[in-house]
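A.B. asks:
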Amino acid sequence: PRVVRRGDYAPPAWLVPDLALHFTLDPARTIVRATLKVERNGAHDLPLLLDGDGLELLALRVDGAAVDPVFAGEQLSIALAGDAHEIETEVALAPERNTQLMGLYASGGLLCTQCEAEGFRRITWFPDRPDILTRYRVRLEADKARYPILLSNGDPVASGDLAGGRHFAEWHDPFPKPSYLFALVAGDLVANRTGFVTRSGREVSLAIWVRAPDLAKTDHALHALETAMRWDEQVYGREYDLDVFNIVAVDDFNFGAMENKGLNIFNSRYILADPDTATDYDYDAVAAVVAHEYFHNWSGNRVTCRDWFQLSLKEGFTVLRDQQFSADQGSPAVKRIEDVRSLRAAQFPEDAGPLAHPVRPDEYQEISNFYTATIYNKGAEVIRMMHTMLGAERFRQGADLYFDRHDGTAATVEDFVRAMEDASGADLAQFRLWYSQAGTPRVQALLSHEPGDGRARLSLRQSVPPTPGQPVKQPMALPLRIKLFGAETAAPLAAEQLVELRDETAEIVFEGVSERPVLSINRGFSAPVIVDANRPAADLAFLSAHDDDPFARYEAIQQLMLDTLVLGVTQGRADHGAVIAAVRATLRDRALDAAFIAEAVLLPSESFIGDQMAMVDPEAIHRVREALRRDLAQSLAADWRAAYEGAHANRFEYSPAAKGARRLRTVSLGYVMASGAPDAPEIAFAQFEAADNMTDRQGALTALVNSDADCREAALDIFYHRYSDNALVLDKWFSTQALATRDGTLDRVIELAQHRDFTLANPNRARALVGAFSVNQRAFHTAGGGGYAFVADQLIALDKLNPQTAAKLVPALGRWRRFDAERAQAMRGALERILAVPGISRDMFEQVSKSLE
Ligand code: HT7
Ligand code: ZN
């Protein structure tokens with residue numbers, strides 16, 4: 011297989027300062043004419059190499075003269091004598107046959123593009139690498155009735171009618187950009203528009219383009235865009251720089267959205283929202299993704315990446331920025347809890363498995379496989395740690411210096427860290443290991459107390475586990491926020507300390523500690539590590555009630571639950587008393603807000619419990635967790651009812667308080683159902699029917715679908731018929747069933763794959779069924795290996811249509827080392843079967859072969 015190595019980077023031999031693109035758009039046969047002005051970069055005699063993928067080359071001219079193409083592997087090689095030339099190419103494409111959804115493709119009557127990472131080469135011959143920055147002039151021609159709206163990057167400069175019912179539009183983007191940021195959209199679209207005046211007075215026209223029936227669902231996204239634009243001015247001092255900012259929603263999209271300069275293209279699930287069809291989670295995700303793509307205008311577009319090994323430079327930083335933005339819109343504590351929960355659900359397992367890679371990888375076969383939780387979420391945590399260590403002010407100075415120094419260029423991770431160092435004076439030499447070493451560090455923390463001399467000693471020991479290709483690791487620089495509380499007085503024994511653990515071991519001495527101290531460590535999740543503090547249940551219960559850091563408080567109750575569950579699985583039984591008492595106290599604490607309570611009282615997921623164990627027993631985990639759930643449900647029956655009823659709202663409202671109430675209501679309903687009370691299904695069904703919003707409706711549906719209640723099938727039917735013409739809600743119908751914790755989920759999922767509404771051609775639908783099922787630990791690992799066989803069948807079929815989407819679903823099968831011999835063998839068998847398919851894509855080959863190593 012082709013392996014691309016970071017160490018092999020060489021600057022481009024030829025630059026392309028200007029490009030004119032002419033599209034004659036047609037879904038069956040689009041003609042693309044490209045005129046590249048190329049300039050020799052330095053003294054050399056290398057040919058110009060152009061990338062192309064699946065293009066029918068119709069013409070090639072150099073300085074106006076036709077030449078015969080010469081190919082060097084997959085590239086077009088053009089020998090050039092002078093220092094500056096004009097290259098013209100003409101190619102034909104078939105967007106309607108493009109099922110990979112990379113390059114130019116058709117989706118729901120639209121024509122649209124996706125170029126990151128290497129899709130531009132599926133549109134035209136070009137040096138498709140991010141360190142070539144080019145000014146684009148684009149002319150689009152299409153049938154006016156079918157494609158009345160023609161959009162591209164930058165600002166519109168001309169438009170008009172042509173003969174034969176056709177028309178054209180011309181767009182110029184004044185900002186030189188890498189090819190991965192090119193975009194076009196043609197379609198019958200309508201816009202939700204507003205104006206925005208930047209703080210320096212630029213008037214920007216904002217528009218969200220959708221099909222006419224969806225227009226009413228775009229207000230939330232438009233409002234989020236305005237809020238994000240203002241926030242970036244206020245918090246990072248970054249302003250928008252074009253006269254227009256367009257967003258288009260499309261139904262078929264491999265990812266969440268794409269930050270193309272001035273023309274963001276979105277998966278419609280991250281644009282469309284109204285109370286009847288979108289949950290609070292969806293609303294929050296829409297705002298976060300709109301903000302994320304907007305923030306890329308600076309962190310990604312104005313300063314882009316030199317090569318794809320630097321991907322986290324834009325993605326990690328932009329995730330941090332969107333997390334900070336979302337935190338500022340609601341509860342920072344709950345946002346931090348949610349972010350850590352998704353880091354632990356997606357990134358920690360990745361870092362512990364065969365696909366582990368550093369935040370700045372050293373090599374790849376297919377770059378699309380590296381749009382991972384490590385690049386995005388761990389990358390964000392790494393920059394967050396710099397924020398913690400430098401403080402907000404010095405961090406902002408570092409960000410300003412980074413943007414100023416590298417504006418208009420393609421930069422590296424090293425450039426970012428150096429800007430932080432230069433602006434702050436901090437030494438981040440050791441800290442850079444976060445970019446090069448994979449694996450989640452573990453920190454053992456042991457607190458001892460000598461009451462006689464009033465001293466407490468905290469011993470810390472760190473280790474970083476071996477990962478593929480990295481058997482031995484250096485100690486990392488870990489910022490740990492630490493505080494001690496008095497066990498009797500419940501008062502802090504000293505101010506919080508920010509301890510930077512740099513060596514393998516360290517000892518911190520606290521003086522004047524007369525009371526027995528209780529350790530609060532990694533507060534706010536200041537470092538993305540696993541802490542083994544071995545704190546007794548009593549200390550965790552104490553912290554869950556008294557810690558003044560909300561994240562640490564959440565962490566304490568979750569650790570208490572986790573310890574109890576792990577003990578239940580490994581020892582066969584565990585005392586539930588401490589968990590019940592802590593949950594009771596949390597539920598009854600009137601000072602806490604509902605959203606926090608809902609997060610805190612939710613039991614750790616079955617997968618997360620599995621992640622704590624060397625050998626995962628999915629059935630035992632399910633049994634033990636269900637037993638604790640039932641015990642909590644029955645022991646606190648009155649509290650759950652009170653929480654459920656107390657969180658009732660009369661009318662839908664989208665505000666942090668209303669969202670928190672709905673979250674607590676859903677969690678409480680789950681416990682009411684788990685109690686086995688005879689009236690519970692009725693309560694759930696009544697909520698399901700009466701709901702005036704999707705959060706309550708889907709919450710009730712999930713509670714019913716997880717149960718054996720008689721009305722579960724009726725609820726599923728009602729839901730299906732009510733929303734059968736809404737693809738995004740039907741995705742929920744599929745995923746709710748695929749995630750069900752009850753018996754028989756595997757059979758149901760196999761049945762659903764035959765449903766008339768199931769298709770692998772739409773990535774959202776494929777993920778809703780196959781993706782959701784593969785993270786349902788109990789169902790996916792059903793004894794006998796049927797879950798693995800099902801997923802392998804689907805991935806083999808999906809790979810032929812859309813390799814990128816297929817390859818993203820491989821990791822669940824790659825976790826075979828953590829399961830018993832029979833399951834491990836069946837998982838390997840499924841991977842081997844995929845690998846043996848003739849014509850397997852490069853995407854799948856890389857994921858599957860690495861998973862088998
Ligand atoms: N930067 C965007 C990445 C992306 C992408 C990558 C591979 C294949 C398809 C894709 N669509 C979008 C999204 C982002 O992080 O903002
Ligand atoms: Zn991004």
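FYI, the UniProt record's numbering numbers position 383 of the sequence shown as 393, with every residue one higher than the one before it. Each residue gets a CB set at the ideal place from its N, CA and C atoms; glycine is no exception.
Taking a cut-off of 6 Å, which residues have a beta-carbon closer than that to any heavy atom of the ligand ZN, in chain order?
C.D. replies: Result: H302, H306, E325, T328.
A.B. asks: What's the C-alpha gap between A455 and G310?
C.D. replies: Along the sequence shown, one-based indexing puts residue 455 at 445. Along the sequence shown, one-based indexing puts residue 310 at 300. One C-alpha to the other measures close to 38 Å.
A.B. asks: Which one or two residues does DSSP pair with I619 in a beta bridge?
C.D. replies: For the purposes of this step, residue 619 is identified with residue 609 of the sequence shown, where counting begins at 1. Looking at the DSSP assignment, I619 forms no beta bridge with any residue, so it has no partner.
A.B. asks: Quick one: is the Cβ of A267 within less than 7 Å of any heavy atom of the ligand HT7?
C.D. replies: Here residue 267 is taken as the residue at index 257 of the sequence shown, counted from 1. Yes, the ligand HT7 has a heavy atom inside 7 Å of this Cβ.
A.B. asks: Looking at the secondary structure, which residues open and close the beta strand (DSSP E) in which L191 lies?
C.D. replies: Along the sequence shown, read from residue 1 onward, the residue named residue 191 stands at position 181. No beta strand (DSSP E) contains L191, which DSSP labels as neither H nor E.
A.B. asks: If we count Cβ pairs, one from each stretch, closer than 8 Å, do we get three or more for the stretch 50 to 59 versus the stretch 160 to 179?
C.D. replies: Contact between the stretch 50 to 59 and the stretch 160 to 179 is absent, because fewer than three Cβ pairs lie under 8 Å.
A.B. asks: P186 and R145: beta carbons closer than 8 Å?
C.D. replies: In the sequence shown, counting from the first residue as 1, residue 186 sits at position 176. In the sequence shown, counting from the first residue as 1, residue 145 sits at position 135. It is a contact, given that the beta carbons lie within the stated cut-off.
A.B. asks: Starting from the C-beta of E842, find all residues in its chain whose C-beta is less than 8 Å away, skip the five residues before and the five after it, and write them out in chain order.
C.D. replies: The residue you call residue 842 lines up with position 832 of the sequence shown. Within the same chain, E842 has close Cβ partners L862.
A.B. asks: Who are M268's beta bridge partners in DSSP?
C.D. replies: The residue given as residue 268 occupies position 258 in the sequence shown. DSSP, once it has assigned bridges, lists I275 as partnering M268.
A.B. asks: Between L577 and S554, which are expected to be in contact by the criterion C-beta below 8 Å, what is the C-beta distance as a whole number of angstroms?
C.D. replies: For this step, residue 577 is matched to residue 567 along the sequence shown. For this step, residue 554 is matched to residue 544 along the sequence shown. The pair is not a contact, with the Cβ atoms about 17 Å apart (cut-off 8 Å).
A.B. asks: Which whole runs of the beta strand (DSSP E) in the stretch 358 to 440 are 3 residues long or more, in chain order?
C.D. replies: Runs of the beta strand (DSSP E) inside the stretch 358 to 440: 419 to 421.
A.B. asks: Hey, how far is the Cα of Q764 from the Cα of A799?
C.D. replies: The residue labelled residue 764 in the question sits at position 754 within the sequence shown. The residue labelled residue 799 in the question sits at position 789 within the sequence shown. Their Cα atoms are separated by approximately 15 Å.
A.B. asks: Taking the CB atoms as reference points, tell me whether V296 and A234 lie closer together than 8 Å.
C.D. replies: Indexing the sequence shown from 1 puts residue 296 at position 286. Indexing the sequence shown from 1 puts residue 234 at position 224. The answer is yes: Cβ separation under 8 Å.
A.B. asks: What's the call for T515, buried or exposed, on a 16-neighbour Cβ count within 10 Å?
C.D. replies: The residue labelled residue 515 in the question sits at position 505 within the sequence shown. By the neighbour-count rule (16 or more Cβ atoms within 10 Å), T515 is not buried but exposed.
A.B. asks: Got a sec, what are the start and stop residues for the beta strand (DSSP E) V245 sits in?
C.D. replies: Walking along the sequence shown from the start, residue 245 turns up at place 235. Counting along the chain, V245 falls outside any beta strand (DSSP E), though it belongs to the alpha helix (DSSP H) covering 229 to 246.
A.B. asks: Just tell me which of V48, R428, M399 has its CA closest to the CA of F413.
C.D. replies: Looking up residue 413 in the sequence shown gives position 403. For F413, the nearest C-alpha among the options comes from R428.
A.B. asks: Any heavy atom of the ligand HT7 within a distance shorter than 7 Å of the CB on residue 5?
C.D. replies: Because the chain spans 11 through 863 in this model, residue 5 falls outside it and cannot be assessed.
A.B. asks: Three Cβ pairs or more, each shorter than 8 Å: is that satisfied between the stretch 147 to 156 and the stretch 31 to 47?
C.D. replies: Enough Cβ pairs lie closer than 8 Å, so yes.
A.B. asks: Using DSSP with H/G/I as helix, E/B as strand and the rest coil, what is Q447?
C.D. replies: Reading the sequence shown from its first residue, position 437 is the one you call residue 447. DSSP places Q447 in coil when its eight states are reduced to three.
A.B. asks: Using the Cα positions of L575 and I631, report the straight-line distance between them to the nearest angstrom.
C.D. replies: Reading the sequence shown from its first residue, position 565 is the one you call residue 575. Reading the sequence shown from its first residue, position 621 is the one you call residue 631. Going by the C-alpha atoms only, they are around 8 Å apart.
A.B. asks: Hey, quick one: how far does the beta strand (DSSP E) through L456 stretch, first residue to last?
C.D. replies: Looking up residue 456 in the sequence shown gives position 446. Start and end: 452 to 460.
A.B. asks: Quick check on the burial criterion: 16 or more other C-beta atoms within 10 angstroms. Buried or exposed for L457?
C.D. replies: Here residue 457 is taken as the residue at index 447 of the sequence shown, counted from 1. The residue is buried, with at least 16 neighbouring Cβ atoms inside 10 Å.
A.B. asks: Are the stretch 806 to 821 and the stretch 846 to 858 in contact at 8 Å, needing three or more beta carbon pairs?
C.D. replies: Result yes; three or more Cβ-Cβ pairs closer than 8 Å.
A.B. asks: Between Y250 and T208, what straight-line distance do the alpha-carbon atoms span, to the nearest angstrom?
C.D. replies: Against the sequence shown, residue 250 aligns to sequence position 240. Against the sequence shown, residue 208 aligns to sequence position 198. Y250 and T208: Cα-Cα distance of roughly 7 Å.
A.B. asks: Report the residue from T123, L65, Q747 whose alpha carbon sits nearest the alpha carbon of W135.
C.D. replies: Start at 1 with the first residue of the sequence shown, and residue 135 comes out as number 125. Nearest option by C-alpha distance: L65.
A.B. asks: Evaluate S117 with the Cβ neighbour count: other Cβ atoms within 10 Å of its Cβ, from every protein chain shown; 16 or more gives buried, anything less gives exposed.
C.D. replies: Taking the sequence shown and counting its residues from 1, one reaches residue 117 at position 107. Buried, by the Cβ-count rule.
A.B. asks: Give a yes or no on contact between the stretch 252 to 270 and the stretch 671 to 682, applying the rule of three or more CB pairs nearer than 8 Å.
C.D. replies: No: the two stretches stay apart, fewer than three of their Cβ pairs being nearer than 8 Å.
A.B. asks: Within its chain, find whatever has a CB closer than 7 Å to the CB of H586; leave out the 5 residues flanking it on each side and keep chain order.
C.D. replies: For the purposes of this step, residue 586 is taken as residue 576 along the sequence shown, with counting starting at 1. Correct list, in chain order: T574, L638, D641.
A.B. asks: Taking only three categories from DSSP, how would you classify V541?
C.D. replies: Residue mapping note: residue 541 aligns to position 531 of the sequence shown, counting from 1. Here V541 sits in strand by DSSP.
A.B. asks: What do you get for H658, buried or exposed, if any count of 16 or more other CB atoms within 10 angstroms of its CB means buried?
C.D. replies: Position 648 of the sequence shown holds residue 658. When all chains shown are included, H658 counts as exposed.
A.B. asks: Helix, strand or coil, according to DSSP, for A846 in the structure here?
C.D. replies: Numbered from 1 along the sequence shown, position 836 holds the residue referred to as residue 846. Note: A846 maps to coil in three-state DSSP.
A.B. asks: At a cut-off of 7 Å, is S378 close to the ligand HT7 when judged by its beta-carbon and the heavy atoms of the ligand?
C.D. replies: Position 368 of the sequence shown holds residue 378. Within the cutoff, so yes.
A.B. asks: Starting from the Cα of L400, find the closest Cα among K388, P11, G389, D437 and give me that residue.
C.D. replies: By 1-based counting over the sequence shown, the position of residue 400 is 390. Ranking the options by Cα distance to L400, first place goes to D437.
A.B. asks: Give me the Cβ distance between V200 and V214, rounded to the nearest whole Å; I'm assuming they're in contact under 8 Å.
C.D. replies: Taking the sequence shown and counting its residues from 1, one reaches residue 200 at position 190. Taking the sequence shown and counting its residues from 1, one reaches residue 214 at position 204. In fact, because the Cβ distance is near 20 Å, the residues do not count as touching under 8 Å.
A.B. asks: Can you give the Cα-Cα distance for T384 and V369, rounded to whole angstroms?
C.D. replies: Sequence index remark: in the sequence shown, residue 384 carries index 374 (1-based). Sequence index remark: in the sequence shown, residue 369 carries index 359 (1-based). Using only the alpha carbons, I get a separation of about 6 Å.
A.B. asks: Less than 7 Å between the CB of A816 and some heavy atom of the ligand HT7, yes or no?
C.D. replies: Counting from one through the sequence shown, the residue named residue 816 turns up at place 806. No; taking the cut-off as 7 Å, the Cβ of A816 has no heavy atom of the ligand HT7 nearer than that.
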